[in-house]
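Q: Before we start, here is the structure in question, set down as structure tokens.
Protein chains in written order, with the working numbering: chain A, 235 to 375; chain B, 845 to 1408.
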């Protein structure tokens, strides 16, 4: 990433590595354009004790464009998270703002998990998953 | 409608005396008698379309008076015609006719129009900021009245809905601020290199620039861009765009604003012709006559469709109904019409390659030489006065259709009637396409004439005029069959309508025949001159018939419309 915003990513990464908030840690960031962030289900929520991994992909448009964010490994069972790890969260798509950061995305996802009252997949999960094979969630909306 | 009758009677006289005697045998015809036809040609446009104005005047008066007063065109229509007819009392001499026509606008005119509107609102609402009013107007779809009403009603709500909670659009830098860290690039800047809207979400100028240019790249919606802060609904105003981005990108942005001005404004529409950059303003909601764009395209402002174009004499609703019906039934009808044109004599398949309905089964292509009418497939000798017949091909003869099959039920008759009209509609549509092609090739033909007969280039002008006339005639004829289909089958109107349609169709076909004459048939200069006169005369004749037809139909045919 040789864009003017590579510096911003470096800074964000450093912040997260130096002083990560509770339940959020950088698992992998050898390539600046692909990070894996681990998050822990918050205490008191349905996901307490579970661990998940988020994959962030940044293209040259970041932060004017949202990063592509999906769960890898075993995604949480949640009405807004598809079986293939795609996340239905408006700030990742239409309501993205360049002033949002990796940290703010992680916090939003954690808060989304915490507010869940029933562990179910989205109703159209199987349809969506078969339609979205090999596609970025940004292209399937 | 008074002058319609007047013309009808004079028209009949001329026909008997001159038209049939002179033109039919193809000689040089004296058209001196046509001077009396000037009754129509001297009429100014507003008189012809006067009937249209009647309904709409009231609507206009309640409309944008303040906006349009200085543009209003008052015309005293001077009556040049001496009507003895009692109906002439309907049109009083020197009557004040309010003529508001259409206007073709180019980019700069659109800019000044939208600026004018913004200025008006600024004055009325005492808002000093042009950029703020621009946002408000866009929020209200450029509807000035509605904006003023909403503003008076609840200023704060309107402004916050529109995305300018504070009419002071920008937030000045806090003097105490020493160093500022941009939340987008996470770098530090002196406060002078930052910018914030009224919401005080401050970012560096470079990030603003990239953000806004990125928005512009996303398309027309960029004019509703908000502050980059998450969930902030404050709109980025025009001056901010101007200040923050490059002029090339700003140009793009202003074009999107103009686009919204046109798209949101029911009185202004882009010309539908492919690739045309002009737009047309028309204040009259139900304008019936076509508008003509600067690109040359003539079309109905309401339909605003490059395919439909001008559909005189049909009203829009009829065209809608017809096209709907055509798409519903087209498979049926096209199947029945496809490949069914065989020579009525020898059954050889015939392909129609000219615009004229006069078909000849060519002997040199293995045919029998029989001449027939494409529409009714009857012998052509029945169609022209020169050969002792009369032209009758535009009327649907219901009794004859019944004779053919006495047991035919109503549904079938209806389908037959529909096919009759659909076929003629399509035939004229195709003939128009051919005429359009001929128009494109006219230049070539002109060159051939220039080299063959050694004439001046002014002597070939008639060709272009003839093609233009043919195009107009075919277009009107095409839609006249839509009108005819929906016209009450037994009314008096119908007789008159078909009478006028017949005149137009007959002479248009004759013009086509003359026009399409192969240059090889013209042996010398004399023959050329004769041919030229034939074409010129028929161009003029069909123009008269076209005018009569359109005005006749527009005027309500029997006059009942006007007298009501």
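C-beta atoms are modelled at their ideal positions from N, C-alpha and C, and glycine is treated no differently.
Quick caveat: nothing in here was measured; it's all calculated off a predicted structure.
How far does the beta strand (DSSP E) with residue 1203(B) in it extend, from its first residue to its last?
A: For residue 1203(B), the enclosing beta strand (DSSP E) stretches over residues 1202 to 1204.
Q: Would residue 1144(B) and residue 1154(B) be called neighbours here (beta carbons separated by less than 8 Å)?
A: A contact, by the Cβ cut-off of 8 Å.
Q: Expressed to the nearest angstrom, what Euclidean distance is found between the alpha-carbon atoms of residue 878(B) and residue 988(B)?
A: At residue 878(B) the pLDDT is 37, less than 50, meaning the model places this residue with poor confidence; the figure from the coordinates comes in the next sentence. Between residue 878(B) and residue 988(B), the C-alpha separation is close to 51 Å.
Q: By Cβ distance, which residues of its chain are closer than 7 Å to residue 910(B), with the 5 residues on each side in sequence left out?
A: Reliability of the predicted coordinates at residue 910(B) is poor, the pLDDT of 40 falling under 50, and the value obtained from them is presented with this limitation in mind. Cβ within range, chain order: n/a, list empty.
Q: Taking the alpha-carbon of residue 249(A) as reference, which of 346(A), 370(A) and 337(A) has the nearest alpha-carbon?
A: 337(A)
Q: Going by Cα to Cα distance, which pick from 1037(B), 1008(B), 1007(B) and 1028(B) is closest to residue 1021(B)?
A: The residue with the shortest Cα to Cα distance from residue 1021(B) is 1037(B).
Q: Going along chain B in order, which residues have a C-beta closer than 7 Å to the C-beta of residue 239(A)?
A: Going along chain B in sequence order, the residues near residue 239(A) (Cβ under 7 Å) are 1029.
Q: For residue 285(A), which three-state DSSP category applies?
A: DSSP places residue 285(A) in the strand class (E or B) of the three-state scheme.
Q: Please tell me whether residue 254(A) has its Cβ less than 8 Å away from any Cβ of chain B.
A: no
Q: Looking only at C-alpha atoms, which of 1076(B), 1121(B) and 1285(B) sits nearest to residue 1106(B)?
A: 1121(B)
Q: Who are the near neighbours of residue 1332(B) in its chain, counting only those whose CB is closer than 7 Å to its CB and skipping five residues on each side?
A: 1338
Q: Under three-state DSSP, which class holds residue 1012(B)?
A: coil
Q: The alpha helix (DSSP H) that contains residue 1066(B), what's its start and end?
A: Segment: none, residue 1066(B) is in no alpha helix (DSSP H) and carries neither H nor E.
Q: How is the beta strand (DSSP E) around residue 949(B) delimited, first residue to last?
A: 946 to 949
Q: Within this structure, are the beta carbons of residue 1131(B) and residue 1109(B) separated by less than 8 Å?
A: no
Q: Would you say residue 895(B) reaches chain A, if we count a Cβ-Cβ gap shorter than 8 Å as a contact?
A: In this prediction, residue 895(B) has a pLDDT of 38, which is less than 50 and means its spatial position is unreliable; what the coordinates show is noted afterwards. No, residue 895(B) does not count as interfacial toward chain A.
Q: Express the C-alpha separation of residue 1124(B) and residue 1266(B) in angstroms, rounding to a whole number.
A: 32 Å
Q: Taking beta-carbon pairs under 8 Å, can you tell me which members of the stretch 320 to 331 of chain A lie near chain B?
A: 325, 329 and 331
Q: At what residues does the beta strand (DSSP E) containing residue 340(A) begin and finish?
A: That residue, residue 340(A), is in no beta strand (DSSP E); its alpha helix (DSSP H) goes 336 to 348.
Q: Between residue 245(A) and chain B, is there a C-beta pair that is closer than 8 Å?
A: Interface residue, yes.
Q: I'd like to know whether the C-beta atoms of residue 978(B) and residue 1015(B) end up nearer to each other than 8 Å.
A: With respect to residue 1015(B), residue 978(B) sits apart: the two C-beta atoms are not nearer than 8 Å.
Q: Hey, would you say the C-beta of residue 1133(B) is under 7 Å away from at least one heavy atom of the ligand NAP?
A: The ligand NAP is absent from the structure shown, which contains no ligands of any kind.
Q: Check each candidate in 1290(B), 1311(B), 1258(B) and 1294(B) and name the one with the smallest Cα separation from residue 1276(B).
A: Restricting attention to 1290(B), 1311(B), 1258(B) and 1294(B), the CA atom closest to the CA of residue 1276(B) is found in 1311(B).
Q: Within its chain, find whatever has a CB closer than 8 Å to the CB of residue 350(A); leave out the 5 residues flanking it on each side and keep chain order.
A: 279, 280, 281, 312 and 313
Q: Quick check on the burial criterion: 16 or more other C-beta atoms within 10 angstroms. Buried or exposed for residue 871(B)?
A: Its pLDDT being 34, under 50, residue 871(B) is placed unreliably in this model, and the coordinates cannot settle the point.
Q: Should the stretch 326 to 344 of chain A be called in touch with the stretch 1071 to 1090 of chain B, which here means at least 3 C-beta pairs below 8 Å?
A: yes
Q: Is residue 1049(B) helix, strand or coil when you go by DSSP?
A: helix
Q: First and last residue of the alpha helix (DSSP H) that includes residue 361(A)?
A: If you look at residue 361(A), you'll find it in the alpha helix (DSSP H) that goes 359 to 365.
Q: Please decide whether residue 313(A) counts as near chain B, where near means a Cβ-Cβ distance under 8 Å.
A: no
Q: When Cβ atoms are compared, which residues of the stretch 1317 to 1332 of chain B fall closer than 9 Å to chain A?
A: none
Q: Identify each residue in the stretch 331 to 361 of chain A for which the Cβ-Cβ distance to at least one residue of chain B is less than 9 Å, and report them in chain order.
A: Flagged, chain order: 331, 332, 333, 334, 335 and 338.
Q: What residue does the alpha helix (DSSP H) around residue 1396(B) start on, and which one ends it?
A: 1369 to 1398
Q: Quick check on residue 319(A): does DSSP put it in helix, strand or coil?
A: coil
Q: Residues of the stretch 297 to 311 of chain A with a CB closer than 7 Å to any CB of chain B: list them in chain order, please.
A: 297 and 298
Q: I want to know whether the stretch 988 to 1007 of chain B touches the stretch 1027 to 1036 of chain B - three or more CB-CB distances under 8 Å.
A: With the rule of 3 Cβ pairs closer than 8 Å, the stretch 988 to 1007 of chain B does not count as touching the stretch 1027 to 1036 of chain B.
Q: Can a CB atom of chain B be found closer than 8 Å to the CB of residue 363(A)?
A: no
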